[in-house]
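*Asks:* Note that the sequence shown covers residues -19 to -1, 1 to 1148 in mature numbering (1 follows the signal peptide of the UniProt record, and there is no 0). Beta carbons: idealized from backbone N, C-alpha and C, even for Gly. Keep in mind the model is a prediction, meaning the values are calculated, not measured.
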Amino acid sequence: MMRTHDAVWLWGSLPLCLSFPGCTIDSSPLVGSPAASYGTLMIGTSIGPLSSSASSVRLSGYCGSPWRAIGYHAVVWVLAGIPLLLFRWKPSWGVRLRSRPCSLAHAETLVIETRDKEDSSWQLFTVQVQTEAVVEGSLELPLQAEDGRSKMALGAVPETPWKDTARLHRREEAGRLPLAFLSPQKQVVRYYLFQGRRYVWIETQQAFLQVSLLGHGHTCDDIHSSRSGLSLPDQTMRKTIFGPNVISIPVKSYPQLLVDEVLNPYYGFQAFSIGLWLADHYYWYALCIFLISAISICLSMLKTRKQSQTLKDMVKLSVRVRVCRPGEGEEWVDSSKLVPGDCLVLPPEGGLMPCDAALVAGECMVNESCLTGESVPVLKTALPEGPRPYCPESHRRHTLFCGTLVLQARAYGGPHVLAVVTQTGFCTAKGGLVSSILHPRPINFKFYKHSMKFVAALSVLALLGTIYSIFILHHNRVPVNEIVIRALDLVTVVVPPALPAAMTVCTLYAQSRLQAQGIFCIHPLRINLGGKLRLVCFDKTGTLTENGLDVMGVVPLKGQAFLPLVPEPRCLPMGPLLRALATCHALSWLQDTPVGDPMDLKMVESTGWVLEEEPAADAALGTPVLAVMRPPPWEPQTQGTEPHVPLGVLGRFPFSSSLQRMGVVVAWPGAAQPEAYIKGSPELVASLCSPDTVPADFSKTLQSYTAAGYRVVALACKPLSIAPSMEAVQQLSRDTAEQDLSFLGLLVMRNLLKPQTTRVIQALRRTCIRTVMVTGDNLQTAVTVARGCGMVAPRERLVIIHATYPEQGRPASLEFLPTECPTAVNGAKDPDKAASYTMEPDPQSSHLALSGSTFGVLMKHFPKLLPKVLVQATVFARMAPEQKTELVCELQRLQYCVGMCGDGANDCGALKAADVGISLSQAEASVVSPFTSSMPSIECVPMVIREGRCSLDTSFSMFKYMALYSLTQFVSVLILYTINTNLGDLQFLAIDLVITTTVAVLMSRTQPALALGRARPPGALLSVPVLSTLLLQMALVAGVQLGGYFLVVAQPWFVPLNKTVPAPDNLPNYENTVVFSLSSFQYLILAAAVSKGAPFRQPLYTNGAARAEEHRRHLLQAAATGPGCLQLCGGLHARECVGPVSSSLPAAAPAQTGLQEALQAAGTGAR
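(1) Would DSSP call His376 helix, strand or coil?
(2) Which residues in the same chain as residue 1194 place their Cβ atom closer than 7 Å to its Cβ, once the five residues preceding and following it in sequence are excluded?
(3) Rounding to the nearest angstrom, what Cα-Cα distance links Ile960 and Ser936 in this structure?
(4) Is it buried or exposed, His456, if we count other Cβ atoms within 10 angstroms and call 16 or more buried?
(5) Look at Phe843 and Gln864 and say whether their C-beta atoms are less than 7 Å apart.
(6) Return the chain-ordered ranges of every alpha helix (DSSP H) run that is complete within the segment 971 to 1041 and spans a minimum of 4 residues.
(7) Alpha carbon to alpha carbon, how far is Val780 from His828?
(8) Rounded to whole angstroms, how far is the Cβ of Ser910 from the Cβ of Gly898, which I believe are closer than 8 Å?
(9) In this structure, how does DSSP classify Cys878 when only helix, strand and coil are distinguished?
(10) Report buried or exposed for Gly177, applying the criterion of at least 16 other Cβ atoms within 10 angstroms of its Cβ.
(11) At what residue ranges does the segment 748 to 775 contain a whole run of the beta strand (DSSP E), taking only runs of 3 or more?
(12) Go through its chain and collect everything with a Cβ distance to Leu257's Cβ below 8 Å, but skip five positions before and after it.
(13) From this set, Leu530, Tyr786, Glu871 and Ile750, which residue's C-alpha is nearest residue 1152's C-alpha?
(14) Going by other Cβ atoms of all chains shown within 10 Å of its Cβ, with 16 needed for buried, is Glu349 buried or exposed?
(15) Run through DSSP, which three-state label would Asp337 get?
(16) With Val856 as the anchor, note down where its alpha helix (DSSP H) starts and where it stops.
(17) What's the gap between the Cα of Pro307 and the Cα of Gln216?
(18) Might you give, ordered along the chain, the residues of its own chain that have their beta carbon closer than 8 Å to the beta carbon of Ser416, omitting 5 neighbours on each side?
(19) With distances taken between CB atoms, is the gap from Ile508 to Ser932 smaller than 7 Å?
(20) Enumerate in chain order the residues of its own chain whose CB-to-CB distance from Asp888 is below 6 Å, with the five nearest sequence positions on each side excluded.
(21) With a threshold of 8 Å on Cβ separation, who are the neighbours of Tyr371 within its own chain once the five nearest residues in sequence on each side are excluded?
(22) Determine the burial state of Val693: buried for a count of at least 16 other Cβ atoms within 10 Å of its Cβ, exposed for fewer.
(23) I need the DSSP call for Val1119, collapsed to helix, strand or coil.
(24) Going by DSSP in three states, Asp323 sits in which element: helix, strand or coil?
(25) Output the distance between the C-alpha atoms of Leu1012 and Ala767, rounded to the nearest integer angstrom.
(26) So, for Asp758: in the same chain, excluding its five sequence neighbours on each side, which residues have a beta-carbon less than 7 Å away from its beta-carbon?
(27) Leaving out five residues on either side along the sequence, give the residues of the same chain with a beta carbon under 7 Å from the beta carbon of residue 1149.
(28) Using CA coordinates, which residue listed in Val59, Leu65 and Ser80 is at the minimum distance from Gly45?
(29) Buried or exposed, going by whether 16 or more other CB atoms sit within 10 Å of the CB of Pro655?
(30) Sorted by chain position, which residues of the same chain lie with C-beta nearer than 8 Å to Ala542's C-beta, five sequence neighbours on each side aside?
(31) Can you list, in chain order, the residues of its chain with a C-beta nearer than 6 Å to that of Ser627? Leave out the 5 residues immediately preceding and following it.
(32) Give me the Cα-Cα distance between residue 1149 and Arg303, rounded to the nearest whole angstrom.
(33) DSSP state of residue 1187, grouped into three classes?
(34) Use the C-beta contact count for Asp973: other C-beta atoms within 10 angstroms, 16 or more gives buried, fewer gives exposed.
(35) With a threshold of 8 Å on Cβ separation, who are the neighbours of Met533 within its own chain once the five nearest residues in sequence on each side are excluded?
(36) Between Trp1034, Gln1063 and Ala981, which has its C-alpha nearest Val486's C-alpha?
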């Protein structure tokens, strides 16, 4: 895996050195270290070359070979172009046939093999290596400083080695490029595009690298040094390397879509079947199938085109932006021309961000709901300077992401709000989400794999039937051309061509039912996964509890002891605690309304202080400020306290999930020096304070409030020895401001459970679905909420795991602390011994609770113990966003089908990683997760599970029905082949369209069960219950048809078939009529037999449409035994039949009564 320091980035050119140990010329990885001799790339980072779903990638290079090309065209010519169809479905086969393997350095075509982390199968893709000429001079470093560094460089290095970075071997290009490209002033960049992302050839490393990694590892200081922007030649060169800043969604024309649809394997099989039926004179049936296929193709084309156009319109973003040019001022350019390193000048009114950029000057209020689902605007502040490596995730509060809406921009300490471009195109956060939509993660579900295996088994059965039909038809002296047609026709009978459409109907009905309940799904295939959920993770704040917080009061200090709770913070005397409450926030005015974090709004409201709408250079302070807080004018002054004066915010340290705190630097009139105020997690803030300022009863007091379910925030302050000016604060590092603090007190807030939470959690637990809380809040608060909502019952045992990292020669250790006992019940000081630790069996249910730091220790130092902890852990507190994602992945490795429900703010990664991610958002649809619920409670979780179980059970039933329908028709055809006849054209039409298709569509309309049960639908199709059901049903079907046939043959009025006349000229006849009539009833009976209701669906009689159709079909089938219907359905060709058959037709009418009696007897046995 590539580490942060493995890349050296130069904004003026390309990477000089990237550490890829073990990299070879013929197995160069995209990024990371390859496994020996396979060229396999293990990906463990979201900025990897492929989506995070892919865990390994293999690249193979191929170049042109004249002899192979001649052989390729010869094979295509000899086989009349049929291989071209096969190569369209399997492009890698064609590449390997016409090209020879070579190293990546010489490759013209690449075969990319990807494998999902949870799947053992490889997916193959082919891409063409492209070339683009660049001007040689554009690779030179501009504006060299005295120390050899570029003034616009990020981690600059000597320029000479860069000559090889983007250059092709000129001898190789001589045969492929025009003469104009061979000029000494020209160089060529080799690259390829895969899933929208661009990968460039790094000559020094002999590898292709994703362009998003070229800037990986630069520091905050490096980004600030690029505020002057890029020169035009440098920008032109970078555009050649990084490509245009567009997220292009291909929208194919209708002719292209038509070719794609027609050449689909499914429609290829349909075309083969239609041609076969035409050769067999089944004109009406072939015409109907052709019309249905044509209508299906047209509808599919329209839907695909509409979806592509909608997605293209949604992601299309082309705006005019202002960029800085060194020595040239500013320039307006189209956003498609932006490249990493450009410096944007943001207008005060804001606008849509066309790229990812690091904010280096000013502040922005941003709406990120399109990416995170969080509706509350977020305040973005300037990136602090320093040697710390820049990372978009850890610096989210300083990064503007592509596609987000900048509501307003304010400049402080300069004339403009500036942002340096860091990523463009598909490498941006929005580009990654669009790529995940276009190329979703493969679903590793046994049902889909087994269905393919079952279809393969049906194909084997068709082969056996074909062999039998050839033998029996040859025995009956049927001409060879008829034998071929009959044998191939049997393949179209056994393998149901309508199976994919029938399976799709199930999920479409479930999707429409969910949408009617306010739950929107953008990945319908994941609905079936909802039926297999065994564990659901819940965020706490905003998911289990209400979004809003109520201030219960403040716990101030007196000396080193806590005072009683003060319910009204506005009654506090003027001092550091009140100033911290009034200023330690990130609120801002937007359209005459203060906006920001709900907790900050409640905190400021409780103080009575007012945020000034348009802060400027305050006359009393004499310096620009970020915000001004005005005291309430009506507030009475307490005798002997400081007067209430306005407070100016000079700087902010934004809240960070990983740091669990935020801070501000504040000055006020008459203050000799500013003060820093910090607000955050009580444990962490206390650790940053001087020990002599933290009360001795800190832990006891904190536990008393958190045990009651309150949310507690600690406050601290520190006088700063700097001038009270914004310029001085900008030079202040966060570490300096946040050390040796003085503890001020606790802010206690109440976060109530939502009314539906307890009921839903208890319902899930009753149905044996594990519920887990994953929150960033305090561990004790999370434990209290878990007990309050029923995740941990009152009589159930809960043990807290506490872990410490190794230090001073001591190994990492674990302690297991029961909540009812403050002492450790078990400790493991030796990692090896701890890895083999097993919790003692408890007669009562036992739960574990742990913090994010403990989870990190388990991941790193106790990997063997981690699975044992995860199977019993219920509460995870103080979890960072990336830890939530890691937790979901670890649970999936334990074979859990994992659901995740959250508000999308800090759990985007976990929502996307989960098998079923449900985002609580007011948006109609979101790319954050597969499911988006407009209802603000977790009631949506049981709904998704019920619909998932219903859809999965319906899919099983549908698959069994389609298989039984094919096998039933297979038996009918084999019986009739044996006596040298077949079903008529209209009979096939009636079975396949009138009966089966209608019944299959209506079967899927059955509603889900009203309540969840303990049982879950089976996930494996190839199981003993399913296969035994199919075999028994098949034996019953064959027995009834054979019994009916022999029963009719034994009747005294029976006239045997003239076997010398082939079908369809020997229709109608008694044999055909009895087999068709019995099988028609069987299709309806089988539909009812596989439509099981409880425990996952409502009973069949509640499906009104299906029930009415069943009754109507039974009446029609009963009426079909009349003489007129028998003749119509039995013979499409209305012409005289020759031989004994024609002479027997008049006798059929007098004998109809006897035939009806025989059919009724056979039908009674079938029913």
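*Replies:* For this structure:
(1) Counted from its first residue, the sequence shown places residue 376 at position 395. In the structure shown, His376 sits in coil (DSSP, three-state: anything other than H, G, I, E or B).
(2) Here the chain comprises residues numbered -19 to 1148, so residue 1194 is not present and cannot be evaluated.
(3) Within the sequence shown, the letter at position 979 stands for residue 960. Within the sequence shown, the letter at position 955 stands for residue 936. Their backbone Cα atoms lie some 37 Å apart in a straight line.
(4) Position 475 of the sequence shown, counting from 1, holds the residue named residue 456. With fewer than 16 other Cβ atoms within 10 Å, it is exposed.
(5) Locating residue 843 in the sequence shown gives position 862, where the first residue counts as 1. Locating residue 864 in the sequence shown gives position 883, where the first residue counts as 1. Annotated as distal: Phe843 and Gln864, with beta-carbon spacing of 7 Å or more.
(6) Qualifying alpha helix (DSSP H) stretches, in chain order: 979 to 984 and 1005 to 1030.
(7) As a working note, residue 780 is residue 799 in the sequence shown. As a working note, residue 828 is residue 847 in the sequence shown. Using only the alpha carbons, I get a separation of about 6 Å.
(8) Here residue 910 is taken as the residue at index 929 of the sequence shown, counted from 1. Here residue 898 is taken as the residue at index 917 of the sequence shown, counted from 1. Their Cβ separation, rounded to whole angstroms, is 3 Å, which keeps Ser910 and Gly898 in contact under 8 Å.
(9) Taking the sequence shown and counting its residues from 1, one reaches residue 878 at position 897. Cys878 falls in the coil class under three-state DSSP.
(10) Reading the sequence shown from its first residue, position 196 is the one you call residue 177. Per the 10 Å Cβ criterion, buried.
(11) 751 to 755
(12) As a position in the sequence shown, residue 257 is number 276, starting the count at 1. Excluding its 5 nearest sequence neighbours in each direction, Leu257 has C-beta neighbours in its own chain below 8 Å: Ile466, Leu469, Asp470 and Thr473, listed in chain order.
(13) What is shown of the chain runs -19 to 1148, which leaves residue 1152 out entirely.
(14) On the sequence shown, residue 349 is found 368 positions in, with the first residue counted as 1. Buried, by the Cβ-count rule.
(15) Locating residue 337 in the sequence shown gives position 356, where the first residue counts as 1. Three-state result, Asp337: strand.
(16) For the purposes of this step, residue 856 is taken as the residue at position 875 of the sequence shown. First-last for Val856: Ala854 to Ala858, but that is the beta strand (DSSP E), not the alpha helix (DSSP H).
(17) Position 326 of the sequence shown, counted from the start, is the residue given in the question as residue 307. Position 235 of the sequence shown, counted from the start, is the residue given in the question as residue 216. Answer to the nearest angstrom: the Cα atoms are 12 Å apart.
(18) Sequence index remark: in the sequence shown, residue 416 carries index 435 (1-based). Ser32, Gln176, Gly177, Arg178 and Phe407, listed in sequence order.
(19) By one-based count along the sequence shown, residue 508 stands at place 527. By one-based count along the sequence shown, residue 932 stands at place 951. Yes.
(20) Counting from 1 along the sequence shown, the entry for residue 888 is found at position 907. Hits under 6 Å: Asp520 and Lys865.
(21) Counted from its first residue, the sequence shown places residue 371 at position 390. Correct list, in chain order: His199, Thr200, Cys201, Asp203, Ile204, Ala339, Leu364 and Thr403.
(22) By 1-based counting over the sequence shown, the position of residue 693 is 712. Its Cβ being crowded by 16 or more others within 10 Å, Val693 is buried.
(23) By one-based count along the sequence shown, residue 1119 stands at place 1138. Confidence is the limiting factor: at Val1119 the pLDDT is only 31, short of 50, which leaves the residue's position unreliable, though a coordinate-based value still follows. Coil, per DSSP.
(24) Locating residue 323 in the sequence shown gives position 342, counting from the first residue. Asp323: coil per DSSP, three-state reduction.
(25) Within the sequence shown, numbered from 1, the residue matching residue 1012 stands at position 1031. Within the sequence shown, numbered from 1, the residue matching residue 767 stands at position 786. Rounded to whole angstroms, Leu1012 to Ala767 spans 49 Å at the Cα level.
(26) To locate residue 758, count along the sequence shown from 1; it is residue 777. The answer, listed in chain order, is Lys521, Thr522, Arg692 and Ala858.
(27) The structure shown does not extend to residue 1149, since the chain spans only -19 to 1148, so no value can be given for it.
(28) For this step, residue 45 is matched to residue 64 along the sequence shown. The shortest C-alpha separation from Gly45 is found at Ser80.
(29) As a first step, residue 655 must be located in the sequence shown, where it is residue number 674. Its Cβ being crowded by 16 or more others within 10 Å, Pro655 is buried.
(30) Within the sequence shown, residue 542 is the residue found at index 561, counting from 1. Close CB contacts of Ala542 within its chain, under the 8 Å cut and outside five residues either way in sequence, are with Pro676, Ala677 and Asp678 (chain order).
(31) Working through the sequence shown from its first residue, we reach residue 627 at position 646. As written in the sequence, residue 627 is Pro, which differs from the Ser given in the question. Hits under 6 Å: Val609 and Arg611.
(32) In the structure as shown, the chain begins at -19 and stops at 1148. Residue 1149 is therefore absent and cannot be evaluated.
(33) Residue 1187 cannot be examined here, being either before or after the span of the chain that is shown, -19 to 1148.
(34) Along the sequence shown, read from residue 1 onward, the residue named residue 973 stands at position 992. The residue in question, Asp973, is buried, as its Cβ has 16 or more Cβ neighbours within 10 Å.
(35) Residue numbering aside, residue 533 sits at position 552 when the sequence shown is read from its first letter. Annotation for Met533: Leu546, Pro548, Tyr691, Val729, Met730 and Arg731 place their beta carbon closer than 8 Å to its own, counting only its chain and skipping 5 residues before and after.
(36) Working through the sequence shown from its first residue, we reach residue 486 at position 505. Looking at the Cα atoms, Ala981 is the closest of the given residues.
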